[in-house]
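Colleague: When you read off a place in the sequence shown, starting at 1, and then add 1478, the result is the number in this note's numbering. A virtual CB, placed ideally from N, CA and C, is assigned to each residue, including glycine. Let me give you the structure first, and then I'll get to my questions.
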Amino acid sequence: MSIDIGSIKHFKPLLNTSNLPREEPYRYDGFKTESKILPKGHKKREDARAFPEAVQWDRDQPVKLRDGLTIYCDIFRPADLVDEKLPAILNWSPYGKNGSGALNLHVIPFQACRPQSTRSDYESFEGLDPAEWCKRGYAIINADPRGCYDSEGDIRNMGTREGQDGADLVEWIGSQQWCNGYVGLAGNSWLAIAQWWIAAEQPKHLAAIAPWEGASDLYREVICLGGVPHIDFHEILNSIFVSNGTVEDQSAMIREHPLYNEYWEDKRAQFDKILVPMYITASYSTGLHTMGSIRAFTEAKSSKKWLRIHPTQEWYDLYAPENIDDLDKFFSKYLKKTNNDWELTAKVRLSILKFNGEPVFNQKEENYPIPNTEYKRFYLDNDTSTMIPNSHTKYSASTYNAESIDIKDELMWKLVFDEKTRLVGFSKAVLYVSTKSHNELDIYVQLRKFDASGKIIDHINFPKEALRACGMKDESEILNTNIFKYRGPKGALRVSHHITKIEDGGDDISPKYKHDRSKPLIPGEIIMVEIPFWPIGIDFEAGEGVALVLAGHELPYPEFPQMKPSTQNKGFATIHAGDHYPSFLQLPFVSFLKAAAEVVPTKTNKTSDKLIKSRKENGRYTNSFNPKFKFPSPALAIKWKMSTGVNTQLAYSKKELDKFLPIIRHNNSEELFRTTSGIRFIWIGHATCYIQMNNFRFLLDPIFSKRCGITSLIGPKRFRPPALTVNDLPENLDAILISHNHFDHLDFRSVLDLNKRYGARLTWFCGLGLRKWFLKMGIRNVIELDWWQKYHFAKKEINIAFCPAQHWSRRTAFDMNRSLWGGYAIWNTQHKFYYAGDTGYTHNISIFQQIGKQYGPFDLSAIPIGAYEPRWMMEAQHVSPDEAVRIHIDVKSKQSIGVHWGTFALANEYFMEPPFKLSQAVKNNLLNSSSFIVLKHGEVFAIS
């Protein structure tokens, strides 16, 4: 795909080389194909850096592109290595080769703290300096892409055509007699952005890329953030380009095509096609590139990729001596094939800002977002202009002038941290909004830091000593631009685009929108919107805090002073909060107690050596905490069957069973599964339960089959049908928790049916060793957990931990205890739920007390009360009702429901005995009679 998509053609004439001024800031000195030596000590200008070694400069060299047009490039090589085959690094820049363009560090105040004396002025703007890199043994190529300066054609603004052109040049470079066949790409901003499209073409000579801060989706990240057109920056770029042709005019394109279409799709990088090693950088300071760089790291298919997030400004970082050394190490590995230790570099090096202190540099992580991130919600209170953890607040509203650009018309909510806090990763605002009279609304949000006195503060993107060394006398000289000052992560959304939110089933920590259509607002109608912020990385001391700022105009400082705040809004808008309208801010918390980051699931930070740990002996799990435990042997099972009388006394007629164990059927599934705050519990039968905790919906040990056995013809037959079927379950079921692999808890046919209906939308949880069974079933979205191991289900703000139990596992003659058994603790910020799984009671061994201490007290628990006779056979593996009450007490459960009874005849007790004995046990322990109960099949139990 290229610019010529359908009838979409917008080009704009520019300054050309015949009428280009020769004075500052333009320093173009004409077109001339020649080769010359720049001797050691050569200076392009008096204040420039001298070349430390002699360099051969092959100027304006022609390269033919696949469509027949010719572009020109300059080639710099070490003069003493002109007969050697060298690795090559390409700087693909539209700003003019060799410092000849209007945009360069000369026009930036304080020269971005990288004075000309540190640069030769032969570097392309935002590119590598030949004076530095030739001495390191590389050939440096500066290119004028299609349409730039004397290169033929019209300037293309990213996309497939530019990628093809760059790939053509890479192949040309790699085939030259002076090149060793390995070519890299480097540079910042446009020079980084172009790398995504060039690398996606997969030219065979491309060996590595180093995109140091580059947007990767021009629509969503640059020209139409949140679906709101912003053309100021592109207008500035168009004013400085030089071409004997024209430039692809994206300002005109966004005016004519404000919705996402095939043209804008071509301006979104295809990371699944990038396979080469990547060294990516990002910073918080830029308003253009942060999201693109981080998206590249998270989505690129390359197996060798590194991300460094630094705390300064991109140009200052690009020319830092220590970073040049770091980049040289990367390129040496893949372009020179040097046997160095680059690949031991941490996959992520993270910097964290303090605003009023020195930032944290290069904290090592294994992934981004950090796997053990904990996402917390804070709810807006319009009456106090604060944010609080509790969603149950009274209704409040804040109305603001959406068309105003005055700071007094901005809204702000504050959150004070009472302890040292670190926020790293993605945040989002979920807001309930309405307009007074207009059918469109653009919302802009930003997170700002305030100090302990309540003062909002900025981060300076350059070290102050560097600014002073470059001439700054007073901090008042620092411009209020995004280059110099960072206020905090931003977000925006055109509200009529809220209908295009992409529901991809992933963790919804950073909502995404297609922006391909819009739905006009109805004045007065309240709409919920989710607005993602760009990544945050900020430390807070106790007493400091974060403010959510909201307005009808852009909130960050502009990239350049000539870019002024503007708005396309009309009239007033209202933010609703509190009862029925729980507007909130979700923030990413990470621990200060650093260890090597782990891939989730991660160990809970409460785990200690005193807790009962899982243990293997000869490859099989054991109940080593109880030396008296004996796994049931075939001989013991035969003795049970042969010597013990069965006392189930099952009723034979359906009428009698309906009397003893009625089944509640539900006709209104929408009402049954509606989202409510609190916990909603439905007993489906046996240990199969449906639970809803706010908007998180999950099943326990699903079995919907007629028998629990190795086939549909073998095994105990159920005497009560399930109260719900797979098809009755809600469409938005999130997860299934499996306690162990016995047939009455892990049913083959039920798993097949659930997977057929939900597929990858479901997340399955199980104990260690059981995931491979699911993989054989074609189910891959499976989380294996060890005892005390916690998984944070970020999409729904839920924590799930696997808990110890005394039991065993087996499905075949060969897999005895190859997988781990257990129960689960599930909790969010408001409620806690516990499921014991199958277990015996560990007398004098405190595993249930440990669970209560670790994760309790629980608002609701599901505890087994059936399949316990004869005790000499079942005591070690199944609790009696008396022991179930002991578990209820040990885990500090406020309310419990008895499960694992009334469905299959798995043991010898009378089929209606469990609830009777449970009632007696509750009374004997002096508990409230309603604290531990049983339900009818299909009955709903709710805790608000």
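Please classify N2219 as buried or exposed, where buried requires at least 16 neighbouring CB atoms within 10 angstroms.
Modeller: So N2219 counts as buried.
Colleague: From the DSSP output, read off the bridge partner residues of R1537.
Modeller: DSSP lists E1512 as partners of R1537.
Colleague: For Q1791, name the three-state secondary structure that DSSP assigns.
Modeller: Q1791 falls in the coil class under three-state DSSP.
Colleague: Just mark F1928 as buried or exposed, buried being the case when its beta carbon has 16 or more other beta carbons within 10 Å.
Modeller: With 16 or more other Cβ atoms within 10 Å, it is buried.
Colleague: What three-state label does DSSP hand T2082 in the structure shown?
Modeller: Confidence at T2082 is low in this model, with a pLDDT of 33, below 50, so the placement of that residue should be treated as unreliable; the coordinate-derived value is given next. Correct three-state label for T2082: coil.
Colleague: Quick one: what does DSSP say L1684 is sitting in, helix, strand or coil?
Modeller: Correct three-state label for L1684: strand.
Colleague: Can you have a look at E1691 and say buried or exposed, based on whether 16 or more other CB atoms are within 10 angstroms of its CB?
Modeller: E1691 is buried by the Cβ-count criterion.
Colleague: Run the CB neighbour count on E2134, radius 10 Å, all protein chains shown included, and call it buried at 16 or more, exposed below.
Modeller: So E2134 counts as exposed.
Colleague: In chain order, which continuous runs of the beta strand (DSSP E) of length 3 or greater are located wholly inside the segment 2204 to 2243?
Modeller: Fully enclosed beta strand (DSSP E) runs of 3 or longer: 2213 to 2215.
Colleague: Report the rounded CA-to-CA distance for N2406 versus L2338, giving the unit in angstroms.
Modeller: Each residue's alpha carbon lies about 15 Å from the other.
Colleague: Between Q2267 and D1859, what straight-line distance do the alpha-carbon atoms span, to the nearest angstrom?
Modeller: Distance between the alpha carbons of Q2267 and D1859 is about 35 Å.
Colleague: Verify whether the separation of the beta carbon atoms of V1973 and V2007 is less than 7 Å.
Modeller: Against a cut-off of 7 Å, the Cβ pair of V2007 and V1973 comes out as a contact.
Colleague: Rounding to the nearest angstrom, what Cα-Cα distance links A2399 and I2323 in this structure?
Modeller: Going by the C-alpha atoms only, they are around 21 Å apart.
Colleague: Roughly how far, in whole angstroms, is the beta-carbon of P1565 from the beta-carbon of C1612, given that I think they are within contact range, below 8 Å?
Modeller: That belief does not hold up - the Cβ atoms of P1565 and C1612 are roughly 12 Å apart, past 8 Å.
Colleague: On the DSSP bridge assignment, give the partners of F2311 in chain order.
Modeller: In the DSSP output, where bridge partners are listed per residue, F2311 has I2304 and L2338.
Colleague: Nearest-angstrom Cα distance between Y1797 and L1669?
Modeller: Going from the Cα of Y1797 to the Cα of L1669 covers about 15 Å.
Colleague: With distances taken Cα to Cα, identify the nearest neighbour of H1975 among S1729, K1990 and R1965.
Modeller: Comparing Cα positions, the closest option is K1990.
Colleague: Taking only the alpha-carbon atoms, compute the straight-line gap between E1803 and F1711 and give it to the nearest angstrom.
Modeller: Here residue 1803 turns out to be Asp, not Glu, going by the sequence shown. Their Cα atoms are separated by approximately 32 Å.
Colleague: Could you spell out the range, first to last residue, of the alpha helix (DSSP H) harbouring V1700?
Modeller: Unbroken run through V1700: none, as it is neither H nor E.
Colleague: Could you tell me the alpha carbon to alpha carbon distance between Q1539 and E1512, rounded to whole angstroms?
Modeller: Taking the straight line joining both Cα atoms gives about 8 Å.
Colleague: Suppose you measure from the CA of K1892 to the CA of E2022; what does that come to, to the nearest Å?
Modeller: If you take the alpha carbons of K1892 and E2022, they lie about 10 Å apart.
Colleague: Which of the three DSSP states is assigned to C1657 in this structure?
Modeller: Looking at C1657 - three-state DSSP - the assignment turns out to be strand.
Colleague: List, from N- to C-terminal side, the beta strand (DSSP E) runs of 3 residues or more that fit wholly inside the segment 1853 to 1931.
Modeller: List check, beta strand (DSSP E) in window: 1864 to 1866, 1874 to 1879, 1889 to 1894, 1899 to 1903, 1906 to 1913 and 1920 to 1928.
Colleague: Checking 7 Å against the spacing of the C-beta atoms, do Q1728 and S1763 come in under that value?
Modeller: No, Cβ-Cβ distance for Q1728 and S1763 is not below 7 Å.
Colleague: Using three-state DSSP, classify I2411 as helix, strand or coil.
Modeller: The answer is strand: DSSP assigns I2411 an E or B state.
Colleague: Under a three-way DSSP split, which group does A2272 fall into?
Modeller: Correct three-state label for A2272: helix.
Colleague: Tell me which residue opens and which closes the beta strand (DSSP E) that L1828 is part of.
Modeller: That run of the beta strand (DSSP E) goes V1826 to I1830.
Colleague: Report the option in H1767, I1885 and H2058 whose CA atom is closest to the CA atom of A1875.
Modeller: Nearest option by C-alpha distance: H2058.
Colleague: Could you check whether F1554 and I1618 sit closer than 7 Å to each other, using their CB atoms as the reference points?
Modeller: Against a cut-off of 7 Å, the Cβ pair of F1554 and I1618 comes out as a contact.
Colleague: Using only CA atoms, which one of I1935, D1952 and G2030 lies nearest to E1888?
Modeller: If we check each option's Cα against that of E1888, G2030 comes out closest.
Colleague: Taking 8 Å as the cut-off, does the segment 1598 to 1610 touch the segment 1515 to 1532 (at least 3 CB pairs, one atom from each stretch)?
Modeller: As far as the Cβ criterion goes, the segment 1515 to 1532 touches the segment 1598 to 1610, which means the pair count is three or higher.
Colleague: With DSSP as the reference, please indicate the residues paired to M2171 in a beta bridge.
Modeller: DSSP, once it has assigned bridges, lists I2157 and F2174 as partnering M2171.
Colleague: Let's test the definition: count the other Cβ atoms within 10 Å of the Cβ of P2079 and tell me whether it reaches 16, buried, or not, exposed.
Modeller: The pLDDT assigned to P2079 is 32, lower than 50, so where the model puts this residue is not dependable; a value taken from the coordinates is nonetheless given after this. It counts as buried.
Colleague: According to DSSP, is H1976 helix, strand or coil?
Modeller: Of the three classes helix, strand and coil, the one that applies to H1976 here is helix, per DSSP.
Colleague: Out of R1544, W1784, I2411 and W2251, which one is the CA nearest neighbour of W1650?
Modeller: Considering only alpha carbons, the answer is R1544.
Colleague: Could you pull out every residue in the same chain whose Cβ sits closer than 8 Å to the Cβ of R1733, ignoring the five residues on either side in sequence?
Modeller: Contacts found: P1707 and I1709.
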